[in-house]
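Undergrad: Right, I'll just put the structure down here and ask away after.
Structure representation (structure tokens):
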């Protein structure tokens, strides 16, 4: 494989880039495996800290909010600093959150610890998804998709790790082991993670004036809206898929396994989607995957057998892979990589609205109509609309303007 170079002669598609990819897989696998397998240890969390069911469920919502919003904000301003101290700070934040869980004994203390872990996780997620595309040219889609397989691998593998640990120790120790592994991977990554030399010193730092210019760009605003909409189906299914399927007569155990199947299939389709994006075009592959998701969502209310369910969730997994893998290189190709971490951070913040409003909207429509057909039809329409907005707003500029002096 021949490595191309950036304008200062530093090789892209090189060993350095692939090492960053491997470490990115480790980071996202351990952090997503710790946070997004919450349902596995929720009961033990409640017992250990004396929490009510409502308090326990609120911890996951608060952690997700900190991951998306606060982590995104930290990501925006991380672009003003060299990456090494930022990544070290993430490792320290994960470590402090884990240590805090060993000593706190109140609801507020648990929230504080999880909020710190969520903020650290959101910050490093922003760094990973913005850094990998900067190190690649020819294999950009494949490299990004490989790094993001951690989002599927963690929730796929970590439930078994939790159960193995719970047979041998308590929750506090198990959490120290799992998140401690994240700390180790993050700190090792701090030795390697850096921007390519032509991007290590940004010509225009991500200050408030730069953020204002970006947020008043109609193309970027449309991208933010489209990005939030194309992820809306995933947030709905993450919280309500079991209810949707059991309403159709699907057994609870089968329904519970369906979301894991989507994540498992997506591990493979992230890689395949990245490769296909490099061959036929990232935006075309991305758009086709979202249309597939919209069709599969539309079919959910009419599924009453396991065979049709497996066909549908495999389709959703096939759609989820390219969605997770390709949005970052598409956005950075359109809006530039000079402040890549800040751009990704802003999109992460914007997606928090969809993460909150989409499940709420489906719940409201379900209560109004008494079924899931109309809510999921609306969700499908908004998902496809998001794909159209994202596709239009990320089209390459035919005549890019000269950079401001």
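In this note's numbering, the protein residues as written are 1 to 405. Ideal Cβ placement from N, Cα and C applies to all residues, glycine included.
For residue 128 and residue 106, which I take to be in contact (beta-carbon distance under 8 Å), what is that distance rounded to the nearest angstrom?
TA: Contact doesn't hold; Cβ gap of about 33 Å is too wide.
Undergrad: For residue 278, which of helix, strand or coil comes out of DSSP?
TA: Residue state, collapsed to three classes: helix.
Undergrad: Give a yes or no on contact between the segment 65–83 and the segment 342–360, applying the rule of three or more CB pairs nearer than 8 Å.
TA: As far as the Cβ criterion goes, the segment 65–83 touches the segment 342–360, which means the pair count is three or higher.
Undergrad: Spatial neighbours of residue 221 within its chain, please: CB distance less than 6 Å, with the 5 preceding and 5 following residues excluded, ordered by chain position.
TA: Excluding residues within five positions, none has a Cβ falling inside 6 Å.
Undergrad: What is the DSSP secondary structure of residue 158, counted as helix, strand or coil?
TA: Residue 158: helix per DSSP, three-state reduction.
Undergrad: Just to confirm before moving on: does the CB-CB distance between residue 180 and residue 48 stay below 8 Å?
TA: Contact flag unset, no.
Undergrad: Quick one: give me the first and last residue of the alpha helix (DSSP H) that residue 132 is part of.
TA: First-last for residue 132: undefined, no H or E at that position.
Undergrad: Note down, in chain order, each residue of its chain lying with its Cβ closer than 7 Å to the Cβ of residue 94, except the 5 sequence neighbours on either side.
TA: Here the set comprises 117, 120, 179, 182, 183, 186.
Undergrad: Among the candidates 114, 86, 87, 285, whose CA atom is the shortest distance from the CA of residue 96?
TA: Comparing Cα-Cα distances from residue 96 to each of 114, 86, 87, 285, the minimum goes to 114.
Undergrad: Given that a residue counts as buried once 16 or more other Cβ atoms are within 10 Å of its Cβ, and exposed if not, what is residue 216?
TA: Result: exposed.
Undergrad: Going by Cα to Cα distance, which pick from 349, 283, 361 is closest to residue 394?
TA: For the residues 349, 283, 361, the minimum Cα distance to residue 394 belongs to 283.
Undergrad: Is there contact between the segment 274–290 and the segment 128–146, where contact requires at least three CB pairs shorter than 8 Å?
TA: As far as the Cβ criterion goes, the segment 274–290 touches the segment 128–146, which means the pair count is three or higher.
Undergrad: Closest by CA to residue 91, which one among 317, 188, 43, 71?
TA: Comparing Cα positions, the closest option is 188.
Undergrad: Using 8 Å for Cβ pairs, my map puts residue 35 next to residue 63. What's the rounded Cβ distance?
TA: Yes, they are in contact, since the Cβ atoms of residue 35 and residue 63 sit about 6 Å apart, within 8 Å.
Undergrad: Between the C-alpha atoms of residue 18 and residue 383, what's the straight-line distance to the nearest angstrom?
TA: Each residue's alpha carbon lies about 33 Å from the other.
Undergrad: Return helix, strand or coil for residue 218, following the three-state DSSP convention.
TA: Of the three classes helix, strand and coil, the one that applies to residue 218 here is helix, per DSSP.
Undergrad: Tell me the DSSP secondary structure of residue 443 in three-state form.
TA: Outside the modelled stretch of the chain, which goes from 1 to 405, sits residue 443, for which no answer is possible.
Undergrad: Contact defined as beta carbons within less than 8 Å: I believe residue 242 pairs with residue 255. What is the distance between those atoms, to the nearest angstrom?
TA: With 8 Å as the limit, residue 242 and residue 255 qualify as a contact, their Cβ atoms being about 4 Å apart.
Undergrad: Is the segment 356–370 touching the segment 289–306, taking contact as three or more C-beta pairs under 8 Å?
TA: Touching, no, given that fewer than three Cβ pairs across the two stretches are closer than 8 Å.
Undergrad: Please report the distance separating the alpha-carbon of residue 237 from that of residue 293.
TA: Answer to the nearest angstrom: the Cα atoms are 12 Å apart.
Undergrad: Candidates 214, 50, 32: which alpha carbon is nearest residue 68's?
TA: Closest option to residue 68, Cα to Cα, is 32.
Undergrad: Cβ of residue 264 within 8 Å of Cβ of residue 151?
TA: The answer is no: Cβ separation not under 8 Å.
Undergrad: Helix, strand or coil for residue 425, going by three-state DSSP, please let me know.
TA: No information on residue 425 is available, as it lies outside the stretch 1 to 405 that the chain covers here.
Undergrad: For residue 177, which residues in the same chain have their Cβ closer than 7 Å to its Cβ, ignoring the five residues on either side in sequence?
TA: Here the set comprises 165.
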